[in-house]
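Read the structure below first, then the notes.
Residue numbers (this note's numbering): 10 to 166.
Take a look at the structure:
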């Protein structure tokens, strides 16, 4: 099994941010509940997934927010390693950022999905959805998959 470090860090950061927001806390308020002295910038980089935190730091963050670390990691794991064989995971933001003309219908679809409130940034498409997307783009499924694999954030499960 391949671990996409960037994806894992980003999802972990999103889960930390969700957890903090559920408590109704700002980063400053979270910082006041921590044992360690962590800068607000460091907290922000954890939440953005641009900086790795140590296991001990992760445990400290979880406990400050009354969350069991194993529960947080289980959510991250489910999001990153969903047990859905045969599906293709698409990062919609990466699709939107790509400028290939043949992917314009897919890009418009991704833009529309991202505009929806609380829309996930990632989706998993099964083979029938990929067939539909390929037809929409005027490509075969293998051609579409080849193009998607060159875009970061796209992989088969």
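For each residue, glycine too, the CB sits at the ideal point set by N, CA and C.
Computed from a predicted structure; not experimentally measured.
Legend entry - Opposing strand residues paired with residue 131 [DSSP bridges]: 100
Legend entry - Same chain only: Cβ atoms within 7 Å of residue 153, ignoring 5 sequence neighbours per side: 139, 142, 143, 146
Inset, instruction - Answer yes if the stretch 96-112 comes into contact with the stretch 74-87, meaning at least three C-beta pairs across the two stretches below 8 Å, and no otherwise. - result: no
Legend entry - For residue 15, three-class secondary structure by DSSP: helix
Inset, instruction - Check whether the stretch 52-65 touches the stretch 83-92, taking contact to mean three or more Cβ pairs, one atom from each stretch, closer than 8 Å. - result: no
Legend entry - Assumed close pair residue 122, residue 101 - CB separation to whole angstroms, cut-off 8 Å: 6 Å
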